[in-house]
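Residue numbers (full-length UniProt numbering): 1 to 335.
Quick reminder that beta carbons are idealized off the backbone N, C-alpha and C, glycines included.
Remember, it's a predicted structure, so these values are computed and weren't measured experimentally.
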């Protein structure tokens with residue numbers, strides 16, 4: 001490679017190794033990367049593994065037992081902050097970089113790190129790393145590919161305790177409804193949520209609304225204002241990222257679009273159902289398949305466009321989603 005030495009494998013249990021693990025965004029992608037970091041640390045337990053994550057996503061990694069430290073990057077600041085981050089990486093004297101962030105910023109981190117051993121299946125940036133895009137993480141680090149969920153993100157006792165405190169009177173079983181998504185085109189409309197929540201609560205299924213941000217707070221207010229039920233609980237804006245794993249872990253079923261909450265449920269092995277339109281179902285190691293996927297009725301399904309006027313998720317009918325949830329609920333909890 002142009003700037004790198006030939007790749008040298010870790011020896012023994014990783015004694016003397018200080019690894020910078022890079023997957024800084026977004027929430028769902030960070031969760032999908034957890035099996036890689038966990039497997040690397042378990043294979044080389046004497047190494048020190050520091051995870052670089054963008055704010056506020058670093059909070060989701062707090063307390064993960066396979067991470068020795070977190071290096072946060074606040075992308076809301078100007079470019080000066082990015083160059084300060086580059087200097088900090090260099091002064092921390094890592095022995096190697098393991099990057100799952102095949103971006104220009106990720107490449108700059110590797111280039112100016114001063115670290116000779118750099119791994120990334122990086123596409124157009126592969127010349128900056130010790131391995132091309134055909135390199136396999138699992139073969140490179142002599143690690144068996146994990147099978148099934150539960151191989152990455154860990155729900156700690158502290159998370160569960162904090163989640164129980166936030167949930168308060170809400171006890172399992174309950175359905176966790178992630179009402180938002182990173183882009184508007186990936187969101188199920190509020191009116192669909194209203195119809196679904198009304199049907200679910202009228203049929204004895206407790207629903208907990210989850211999400212964050214001003215738009216989701218407004219959507220939750222609309223849903224709760226339209227559905228009068230003691231079985232509907234609004235926790236939007238009240239679940240810190242550091243506690244989210246505990247709430248998801250306590251849920252009996254997660255209903256979500258293409259969101260971090262959906263990926264968290266799948267990586268933890270919590271039953272889920274997915275609402276998909278412009279994006280396909282994420283794939284990755286250790287992700288459990290949803291019990292059901294509701295796809296928009298659109299000839300451009302999975303187009304990947306973040307700005308589309310078709311609003312294809314409107315076509316996913318609330319009644320169909322409710323019937324599937326009710327059937328699953330009955331099979332899980334009927335006497």
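Which same chain residues, not among the five before or five after residue i, have their C-beta less than 6 angstroms away from its C-beta?
{"i": "residue 152", "result": "34, 35, 38, 267, 286"}
{"i": "residue 60", "result": "241"}
{"i": "residue 314", "result": "189"}
{"i": "residue 62", "result": "242"}
So, helix, strand or coil for residue i, using DSSP?
{"i": "residue 296", "result": "coil"}
{"i": "residue 105", "result": "helix"}
{"i": "residue 118", "result": "strand"}
{"i": "residue 51", "result": "strand"}
{"i": "residue 254", "result": "strand"}
{"i": "residue 142", "result": "coil"}
{"i": "residue 178", "result": "strand"}
{"i": "residue 73", "result": "strand"}
{"i": "residue 281", "result": "coil"}
{"i": "residue 92", "result": "coil"}
{"i": "residue 10", "result": "coil"}
{"i": "residue 164", "result": "helix"}
{"i": "residue 310", "result": "coil"}
{"i": "residue 35", "result": "helix"}
{"i": "residue 68", "result": "coil"}
{"i": "residue 1", "result": "Any reading at residue 1 needs caution, since the residue's pLDDT is 47, under 50, leaving its predicted position unreliable; the model's value is listed next. Residue state, collapsed to three classes: coil."}
Check whether the Cβ atoms of residue i and residue j lie closer than 7 angstroms to each other.
{"i": "residue 22", "j": "residue 99", "result": "yes"}
{"i": "residue 200", "j": "residue 207", "result": "yes"}
{"i": "residue 217", "j": "residue 247", "result": "no"}
{"i": "residue 75", "j": "residue 97", "result": "no"}
{"i": "residue 255", "j": "residue 177", "result": "yes"}
{"i": "residue 44", "j": "residue 10", "result": "yes"}
{"i": "residue 84", "j": "residue 24", "result": "no"}
{"i": "residue 269", "j": "residue 288", "result": "yes"}
{"i": "residue 68", "j": "residue 48", "result": "yes"}
Going by other Cβ atoms of all chains shown within 10 Å of its Cβ, with 16 needed for buried, is residue i buried or exposed?
{"i": "residue 161", "result": "exposed"}
{"i": "residue 327", "result": "exposed"}
{"i": "residue 204", "result": "exposed"}
{"i": "residue 58", "result": "buried"}
From the DSSP secondary-structure annotation, give me the bridge partner or partners of residue i.
{"i": "residue 21", "result": "51, 98"}
{"i": "residue 234", "result": "209"}
{"i": "residue 273", "result": "255, 292"}
Leaving aside the five residues before and after residue i along the sequence, list all residues of the same chain whose C-beta is less than 8 angstroms from its C-beta, in chain order.
{"i": "residue 312", "result": "185, 277, 278, 296, 297, 298, 300, 301"}
{"i": "residue 336", "result": "What is shown of the chain runs 1 to 335, which leaves residue 336 out entirely."}
{"i": "residue 113", "result": "20, 86, 89, 90, 94, 97"}
{"i": "residue 77", "result": "none"}
{"i": "residue 272", "result": "253, 254, 255, 256, 262, 265, 266, 288, 290, 291"}
Please work out which residues of its chain come closer than 7 angstroms, Cβ to Cβ, to residue i, disregarding the five sequence neighbours upstream and downstream, and give them in chain order.
{"i": "residue 334", "result": "none"}
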